[in-house]
């Protein structure tokens, strides 16, 4: 009798998607808050656009650099730990063998069940090191090109996100009118972004959309209020 295949659903978002989430989240909220804050200070649309573009440029570079350094740090950490494990397997095999036994015992294997597996691993140094890297240290070998891709993806997503709240100020002469359009456009973009993020992270779409829109809107409202207060409420 044919059986229905068992299908498991897990979080499958790639590093590319995670980088887009990082860049887009900040890109939508920070320039939005800046533009709203400047609008609260009765600033002209020209100044808001110039300041907004400057912030997008600086923010995208900073975010991209942060992504690059984080990925490089992961690669350097992996390389350092790999060398250490290779040295310990060669110089301290008994100690490493005992550590492998402890790993298997945490998965419920008895000492008698784990010993043959450990003995087999000891005849395969490369696989032994790979096992220690993955199951003792919890490290996966990073992609060599990850750093540059991460930097460009985060920076690009930041730019795209930042242009959404700034676009009304580029197209409209009145800062007050542009602010209203920017608020609507950005809240909708935040909600859509939150829903997409929820889809990839396995969260319910509506709560994810509402939470993302609320956080972004709260940031802009705080910036607007502070700027209004500093400018004397004019």
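In my numbering, the protein residues as written are 7 to 240. Idealized CB from N, CA, C, for every residue including glycine. All of these numbers come straight from a predicted model, not from anything done at the bench.
Compute the beta-carbon to beta-carbon distance between residue i and residue j, rounded to the nearest angstrom, for a pair I have assumed lies under 8 Å.
i: residue 73; j: residue 157; result: 5 Å
i: residue 87; j: residue 143; result: 6 Å
i: residue 146; j: residue 155; result: 16 Å between Cβ atoms; not a contact.
i: residue 196; j: residue 222; result: 4 Å
i: residue 29; j: residue 167; result: 7 Å
i: residue 49; j: residue 178; result: Rounded, the Cβ-Cβ distance is 14 Å, inconsistent with contact.
i: residue 138; j: residue 102; result: 7 Å
Leaving out five residues on either side along the sequence, give the residues of the same chain with a beta carbon under 7 Å from the beta carbon of residue i.
i: residue 41; result: 54, 58, 171, 172, 175, 188
i: residue 108; result: none
i: residue 232; result: 43
i: residue 78; result: 153
i: residue 84; result: 145, 147, 148
i: residue 214; result: 200, 201, 203, 204
i: residue 133; result: 127
Going by other Cβ atoms of all chains shown within 10 Å of its Cβ, with 16 needed for buried, is residue i buried or exposed?
i: residue 113; result: exposed
i: residue 183; result: exposed
i: residue 91; result: buried
i: residue 190; result: exposed
i: residue 236; result: exposed
i: residue 208; result: exposed
i: residue 67; result: exposed
i: residue 186; result: exposed
i: residue 118; result: exposed
i: residue 25; result: buried
Just to confirm, are residue i and residue j a CB contact at a threshold of 7 Å?
i: residue 220; j: residue 46; result: no
i: residue 95; j: residue 124; result: no
i: residue 35; j: residue 225; result: yes
i: residue 203; j: residue 56; result: no
i: residue 70; j: residue 165; result: no
i: residue 201; j: residue 216; result: no
i: residue 38; j: residue 218; result: no
So, at 8 Å on beta carbons, what are the nonlocal neighbours of residue i in its own chain, with the 5 sequence-adjacent residues on each side left out?
i: residue 99; result: 128
i: residue 81; result: 148, 150, 152, 153
i: residue 121; result: 107
i: residue 105; result: 138, 142
i: residue 130; result: none
i: residue 180; result: 51
i: residue 76; result: 156
Of all the CB atoms in chain C, is at least one closer than 7 Å to the CB of residue i?
i: residue 206; result: In the displayed structure, chain C is absent; only one protein chain is listed.
What residues in its chain sit with their C-beta under 6 Å from that of residue i, if we drop five residues either side in the sequence?
i: residue 61; result: 37, 40
**Q.** Entirely enclosed alpha helix (DSSP H) segments - the region 101 to 182, minimum 4 residues
**A.** At a cut-off of 4 residues, the continuous stretches assigned as alpha helix (DSSP H) that sit fully inside the region 101 to 182 are 117 to 128, 131 to 137, 152 to 177.
**Q.** alpha helix (DSSP H) segments (min. 4 residues) lying fully within the region 44 to 103
**A.** Counting whole runs of 4 or more residues, the region 44 to 103 contains the alpha helix (DSSP H) stretches 51 to 97.
Q: Enumerate, from N- to C-terminal direction, the unbroken beta strand (DSSP E) stretches of 3 or more residues contained entirely within the region 194 to 228.
A: If we require 3 residues or more, the region 194 to 228 turns out to have no beta strand (DSSP E) run fully inside it.
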